[in-house]
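In case it helps, our numbering puts the sequence shown at residues 13 to 298. Glycine included, C-beta positions come from ideal geometry on N, C-alpha and C. What follows is a single structure, written as structure tokens, with notes after it.
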Amino acid sequence: MFARPPRYVAGLPRPDRCLVMGVVNVTPDSFSDGGVWLEPAAAIAHGRALSEAGADLVDVGGESTRPGAERPSVDDELARVIPVVTELSREGVVVSVDTMRASVARQAVAAGARAVNDVSGGLADPAMVSTVADLAVPYIVMHWRAHSTTMQDLATYDDVVTDVCRELSQRVHAAMAAGIAHERIAVDPGLGFAKTGDHNWELLGRLRALHELGLPVLVGTSRKAFLGRLLATDDGQQRPVTARDDASAATSALAAVAGAWCVRVHDVPRSLDAVRVASRWARSTP
Ligand code: PMM
Numbered sequence: 013m014f015a016r017p018p019r020y021v022a023g024l025p026r027p028d029r030c031l032v033m034g035v036v037n038v039t040p041d042s043f044s045d046g047g048v049w050l051e052p053a054a055a056i057a058h059g060r061a062l063s064e065a066g067a068d069l070v071d072v073g074g075e076s077t078r079p080g081a082e083r084p085s086v087d088d089e090l091a092r093v094i095p096v097v098t099e100l101s102r103e104g105v106v107v108s109v110d111t112m113r114a115s116v117a118r119q120a121v122a123a124g125a126r127a128v129n130d131v132s133g134g135l136a137d138p139a140m141v142s143t144v145a146d147l148a149v150p151y152i153v154m155h156w157r158a159h160s161t162t163m164q165d166l167a168t169y170d171d172v173v174t175d176v177c178r179e180l181s182q183r184v185h186a187a188m189a190a191g192i193a194h195e196r197i198a199v200d201p202g203l204g205f206a207k208t209g210d211h212n213w214e215l216l217g218r219l220r221a222l223h224e225l226g227l228p229v230l231v232g233t234s235r236k237a238f239l240g241r242l243l244a245t246d247d248g249q250q251r252p253v254t255a256r257d258d259a260s261a262a263t264s265a266l267a268a269v270a271g272a273w274c275v276r277v278h279d280v281p282r283s284l285d286a287v288r289v290a291s292r293w294a295r296s297t298p
């Protein structure tokens, strides 16, 4: 039996269920919605719609992490995210900024962001953990090994669950050593980041093992390629990206039952329904 991880991250909403984080990618090239929300007004309207649909927080990012993606300049990343973070925060939306750069995290928090979602867990920018400590905001530490251009070359593990837990634990220790409070940290196995589809399934199937880290767990499966492959037609045509939302809602429900603190999704209404069902189901489970 695994211990139950903490249910809350200090400074973020505390509904009596798994949280739903809605995704706003202000990028030209994200795999799931690249280019759709690149204009600030479109991104703001989308973030507002996700919030109105019930998202507990809205994650705004300006760098695509799809396999092979090139990095934007700092200036381009700032120009993409800051107007969106500023306006959504002004309207009262709880915003997290999805960035690997300390300078972007700092400006996004100044613009109203309430949390930093760092897919590199502090590895991409040596200044990140001390910056987040200084900003005193929640920090989501994702498992990561390298930037998108090379990450899939590093998808080798002895045991993916054990290895991911160990590497995440090292990043959590680095974050705490820099001064980030334990109650402000959440962890994320980083599905699809230096992972094959089989690695993703293994991590999901043994999600409760991550509870050993003693921290809330965020899970991001939404629209990812391993769902497209699972749902491929008999002649091998992968399910298109935007037709993966029912499958994403199914993983949200199952992640919630397995004790996830938060799911990160593109389609908020479906996953919100899914986690509400999961939460009610769990309350009746002896
Ligand atoms: N996945 C993506 C981007 N950011 N952040 C966290 N914490 N966890 C994830 O799994 C994650 C992330 C890539 O998906 P997208 O391009 O659809 O945003």
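- With contacts defined as CB atoms closer than 8 angstroms, Pro228 and Pro17 qualify as a contacting pair.
- At the C-beta level, Asp130 and Met163 stay beyond 8 angstroms of one another.
- Comparing C-alpha distances from Ala190 to each of Ile152, Gly104 and Met140 shows the shortest one belongs to Met140.
- Spatial neighbours of Arg218 in its own chain (CB-CB distance under 6 angstroms, excluding positions within 5 residues in sequence) are listed in chain order as Val173.
- Take Ala55, set aside five residues on each side of it, and the residues of its chain with a beta-carbon closer than 6 angstroms to its own are Val36, Val38, Trp49 and Val96, in chain order.
- Where Ile94 is concerned, there is no enclosing beta strand (DSSP E), although the alpha helix (DSSP H) around it starts and stops at Val86 to Arg102.
- Taking a cut-off of 8 angstroms on C-beta distances, the segment 145 to 154 touches the segment 195 to 203, as three or more cross pairs fall below it.
- Taking the C-beta atoms as reference points, Leu69 is found no nearer than 8 angstroms to Ser115.
- Of the residues assessed, Asp210 falls on the exposed side of the cut-off, its CB having fewer than 16 other CB atoms within 10 angstroms.
- Between the C-alpha atoms of Pro40 and Glu82 there is a straight-line separation of about 11 angstroms.
- With a minimum length of 3 residues, the unbroken runs of beta strand (DSSP E) contained wholly in the segment 163 to 225 fall at 197 to 200.
- Distance from the C-beta of Thr77 to the nearest heavy atom of the ligand PMM is below 7 angstroms.
- Residues of the same chain with a CB within less than 7 angstroms of the CB of Asp137, apart from the 5 flanking positions on each side, are Met112, Arg113 and Ala114 in chain order.
- Secondary structure remark: continuous beta strand (DSSP E) runs of at least 3 residues inside the segment 61 to 86, in chain order: 69 to 73.
- In terms of CA proximity to Ser283, Gly66 leads the group Val253, Gln182 and Gly66.
- With respect to Arg60, Val106 sits apart: the two C-beta atoms are not nearer than 8 angstroms.
- Take the alpha-carbon of Val128 and the one of Val72: they are about 10 angstroms apart.
- For Ala290, the closest C-alpha among the options Asp279, Val93, Ser264 and Val280 is that of Ser264.
- Beyond the five residues adjoining it in sequence on each side, Asn212 comes within less than 8 angstroms, by CB distance, of Leu203, Gly204, Thr233, Lys236 and Phe238 in the same chain, given in chain order.
- Between the ligand PMM and the CB of Ser260, the shortest heavy atom gap is not smaller than 7 angstroms.
- Per DSSP, the unbroken alpha helix (DSSP H) holding Val121 starts and ends at Ala114 to Ala122.
- Within the chosen limit of 7 angstroms, the ligand PMM reaches the beta carbon of Ser44 through at least one heavy atom.
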